[in-house]
Amino acid sequence: MAKKIIVVVGATGNQGSSVANTFLGLPEWHVRALTRNPSSDAAKSLAAKGAEVVQGDLADPSSLAKPFENANAIFLNTDFWEVYRPAKAALDAEGKAPEAAGIQAYTRETANGKNAVDVAATVPTLERFVYSALGSVSRASRGKYTRSRHPEAKATIVAHIEAHPVLAKKASLIYLGAYVTNAMLSPRRDPGTGKYAVHMALREDFRMPIINPRESIGPFVRALVEDEEPGTKLLAYDSFLTLREAVDAWSKASGKEASYITVTTKDLHDKMGLDWELLDALDAVNEFEYYDGYGLIEPYQLKNKVQTKSFEEWLGEKDWEKELST
788 MAKKIIVVVG ATGNQGSSVA NTFLGLPEWH VRALTRNPSS DAAKSLAAKG AEVVQGDLAD
848 PSSLAKPFEN ANAIFLNTDF WEVYRPAKAA LDAEGKAPEA AGIQAYTRET ANGKNAVDVA
908 ATVPTLERFV YSALGSVSRA SRGKYTRSRH PEAKATIVAH IEAHPVLAKK ASLIYLGAYV
968 TNAMLSPRRD PGTGKYAVHM ALREDFRMPI INPRESIGPF VRALVEDEEP GTKLLAYDSF
1028 LTLREAVDAW SKASGKEASY ITVTTKDLHD KMGLDWELLD ALDAVNEFEY YDGYGLIEPY
1088 QLKNKVQTKS FEEWLGEKDW EKELST
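Going by our numbering, the letters in the sequence shown line up with residues 788 to 1113, in that order.
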């Protein structure tokens, strides 16, 4: 019996590599790993595991037709930050405001996502299409906060998927929790006092979904492809903790007492140099229900339970002597 084909877009990244490695472990699936650089070490590693590594660029839709050919499933993640970070660095070097970087990254990401969606919509063999999405900050805040363009880009791509009626009937969406490596989950040492603390503009009782992207995204995508009906919208996470609980878990694992200090987004902008690209989203989730009206399900509602390691287990596996020394 012929294997089914899953195309993993961005297969060498955090999300894509997790999906590729998960499906490489399933004997009924053939993994086609799409990357711009098939000669990279990450691409070679996937090839050594049995993946078919193919070259393609989301900016060039003509490069996607062959990789998408005969696909039964496609996983798509698009990247805002690969454009934003160098664009912002260039603006910083010129002493200019960073807003133009957000606009540039939004434009590129939405164009790339729409290209992939348009080509996927032409694949007659396609049964499942899974996109890694985010909710719109502007929508959540009823237009109050508009400077976080990275979630807006993904929300725009979701709208483009929904504009393809046939593809939309095959599509599911995965909304990810904060990565385990997110700075708001990791206290830092104050060199002046020697004490550890997180300074964050969210309430300490704010509940944060947390996920290990390299280990957990793949199993959740497998569930969406194999177990769930198209149209499923999954909020994917390993743990769902308050920020105070997350800091306490860090303290227990590291052996270092840590404080959670609530500050304003203005503090984070003025004193720590964080961008409104990030901070508007914090203000929005403080004031509004971010995913209200999205119809999301949570991991416990999946037809077959997905086993992943908790945030506490991930912390417990770290080399804390090395971690604290850096």
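Here a beta-carbon is modelled for each residue, glycine too, at the ideal position from N, C-alpha and C.
No experiment lies behind these values; they were computed from the predicted model shown.
query, result
"Distance between residue 1008 and residue 831 (C-alpha atoms, nearest Å)", "23 angstroms"
"Pick from 947, 988, 1050, 915 that is closest to residue 860, judged by C-alpha positions", "915"
"4-residue-minimum alpha helix (DSSP H) runs that sit fully inside the region 990 to 1028, ordered along the chain", "1000 to 1013"
"DSSP state of residue 963 mapped onto helix, strand, coil", "strand"
"Residue 795 classed as buried or exposed, judged by whether at least 16 other C-beta atoms fall within 10 angstroms", "buried"
"Cβ-Cβ separation, residue 798 to residue 821 (assumed contact under 8 angstroms), whole Å", "6 angstroms"
"Bridge partners - residue 983, DSSP secondary structure assignment", "976, 1045"
"At least three beta-carbon pairs within less than 8 angstroms, the region 984 to 993 to the region 1008 to 1028", "no"
"Residue burial classification, residue 969 (beta-carbon count within 10 angstroms, cutoff 16)", "exposed"
"Proximity of residue 1050 and residue 988 at Cβ, strictly below 8 angstroms", "yes"
"Residues that residue 796 bridges to, as DSSP identifies them", "821"
"Residue 929 (DSSP reduced to helix, strand or coil)", "coil"
"Contact check, residue 1026 vs residue 963, beta carbons under 8 angstroms", "no"
"Selection from 867, 1033, 967 that minimises the alpha carbon distance to residue 921", "867"
"Alpha carbon of residue 1076 to alpha carbon of residue 894, nearest angstrom", "27 angstroms"
"Pairwise C-alpha distance: residue 817 and residue 858", "10 angstroms"
"Test item: CB-CB of residue 899 and residue 851 under 8 angstroms", "no"
"Coil, strand or helix - residue 849 by DSSP", "helix"
"Reduced DSSP secondary structure (H/G/I, E/B, other) of residue 1092", "coil"
"Beta-carbon gap between residue 1114 and residue 1022 smaller than 8 angstroms", "It is not possible to answer for residue 1114, since the shown part of the chain is limited to 788 through 1113."
"Simplified DSSP state of residue 1075, which is helix, strand or coil", "coil"
"Residue 801 beta carbon less than 8 angstroms from that of residue 1000", "yes"
"Euclidean distance between Cα positions of residue 884 and residue 836", "45 angstroms"
"8 angstroms Cβ shell around residue 1115 - same chain, five flanking residues per side excluded", "In the structure as shown, the chain begins at 788 and stops at 1113. Residue 1115 is therefore absent and cannot be evaluated."
"Cβ neighbour criterion (16 or more within 10 Å) applied to residue 806", "buried"
"Contacting residues, own chain, Cβ-Cβ under 7 angstroms from residue 790 (five flanking each side not counted)", "815, 816, 817"
"Distance between beta carbons of residue 1045 and residue 974, contact taken as under 8 angstroms", "4 angstroms"
"Cross-strand partners of residue 904 (DSSP beta bridge)", "Per DSSP, none; premise fails for residue 904."
"Beta bridge counterpart(s) of residue 839 as assigned by DSSP", "819"
"CB contact flag (residue 1107, residue 1041, <8 angstroms)", "yes"
"Residue 791 (DSSP reduced to helix, strand or coil)", "strand"
"Sequence-distant residues of the same chain with beta carbon closer than 6 angstroms to residue 874, five excluded per side", "888, 891"
"8 angstroms Cβ cutoff met for residue 934 and residue 1063", "yes"
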